[in-house]
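To start, the structure itself, in structure tokens.
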Amino acid sequence: MGVVVELSNIINIPCRDNAKLEKIVGLLEDTELQALWKCSNVLAVDRLGLNDHGPVHVKIVANGALKMLRLLTGKGVEPSIVTDHGMSAEDAEVVVVLASVMHDLGMSFVRKDHEVYSVPIAVRILDRILPQVYGVEEATIVSSEVLHAVVSHHAVNEPLTVEAGVVKVADALDMEQGRAR
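Under our numbering, the letters of the sequence shown match residues 83 to 263, in that order.
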């Protein structure tokens, strides 16, 4: 099955033989990111009476999205980052996991349009971690694909990539504690 990376007992990501994904998941052991997940739950659960938008939700979405992407690629569906940028299916897995863990960061301070407000927060984190795995051009491509998936996980923006579509579906499929839409 490969390596499963555990992130602070929050996220278990089955990295298999994807060394880039394993490195990225290790880099998500990030105090800022974990604080943002906590703040997202304070706003969503404590202040607005909504359901989890923090670490439990992130774990469910990331694992679901990764599983869906692997099922699709196993059936011959080519990820958009492969088709459009000549990168690999392993890079698509990185995009899906990063978008999954960052898609609700804007919920740390606002509900309305949180997907848009998630982008500048995600950029700050992506700029810190991607250069540790990718060169400038590849990091820029991965970042753009992650941000597209983040901003298009909500109703207004249509996902235009396989990866963004997978994240949107995985988010909608999180039915823990009444999350069903």
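Just so you know, even glycine gets a beta-carbon here, dropped at the ideal spot from N, CA and C. It should be emphasised that the depicted structure is a prediction, and the values quoted were computed from it without experimental measurement.
Residue i, buried or exposed, once every other Cβ within 10 Å from all chains shown has been counted against 16
| i | result |
| --- | --- |
| PRO137 | buried |
| GLU175 | buried |
| VAL183 | buried |
| THR243 | buried |
| ALA229 | Sequence inspection shows Leu at residue 229; the Ala mentioned does not correspond to that position. By the 10 Å Cβ count, LEU229 comes out buried. |
| ASP253 | buried |
| GLU197 | buried |
| LEU168 | Contrary to the premise, residue 168 reads as Gly rather than Leu in this sequence. With fewer than 16 Cβ atoms within 10 Å of its Cβ, GLY168 is classed as exposed. |
| VAL249 | buried |
| ALA101 | exposed |
| PRO161 | buried |
| VAL238 | exposed |
Any chain B beta carbon closer than 9 Å to residue i
| i | result |
| --- | --- |
| GLU175 | Here chain B cannot be found, since the structure has a single protein chain. |
Presumed contact (8 Å Cβ cut-off) between residue i and residue j, rounded CB distance
| i | j | result |
| --- | --- | --- |
| VAL215 | LYS105 | 5 Å |
| GLU240 | GLU227 | Wrong, their Cβ atoms sit about 15 Å apart, outside the cutoff. |
| ASP112 | ILE223 | That pair is no contact at about 22 Å. |
| LEU154 | VAL178 | Their Cβ separation, rounded to whole angstroms, is 10 Å, which puts LEU154 and VAL178 out of contact at 8 Å. |
Nearest neighbour of residue i, chosen from the options [CA to CA]
| i | options | result |
| --- | --- | --- |
| ALA204 | ALA101, GLU220, MET150 and GLN116 | GLN116 |
| CYS121 | LEU110, ASP256, VAL232 and GLY188 | GLY188 |
| ASP256 | LEU208, GLU227 and ASN133 | ASN133 |
| LYS157 | ALA171, ALA144 and ASP166 | ALA171 |
| ALA181 | LYS250, PRO96, VAL232 and VAL248 | VAL232 |
| ASP173 | THR113, LEU212, TRP119 and HIS236 | LEU212 |
| ASP186 | VAL179, VAL178 and SER200 | SER200 |
| ASP99 | GLU220, ARG152 and VAL251 | ARG152 |
| ASN94 | ALA144, HIS236 and LEU118 | ALA144 |
| GLY247 | LEU110, LEU109 and ILE163 | ILE163 |
| LYS141 | LEU110, GLU220 and ALA221 | LEU110 |
| PRO202 | ASP166, VAL251 and LEU118 | LEU118 |
Residue i: first and last residue of the uninterrupted alpha helix (DSSP H) it sits in
| i | result |
| --- | --- |
| ASN133 | That residue, ASN133, is in no alpha helix (DSSP H); it is neither H nor E in DSSP. |
| GLN116 | 113-123 |
| GLU227 | 218-233 |
| THR165 | 162-167 |
| GLU172 | 171-184 |
| ASP256 | Segment: none, ASP256 is in no alpha helix (DSSP H) and carries neither H nor E. |
| GLY108 | 101-109 |
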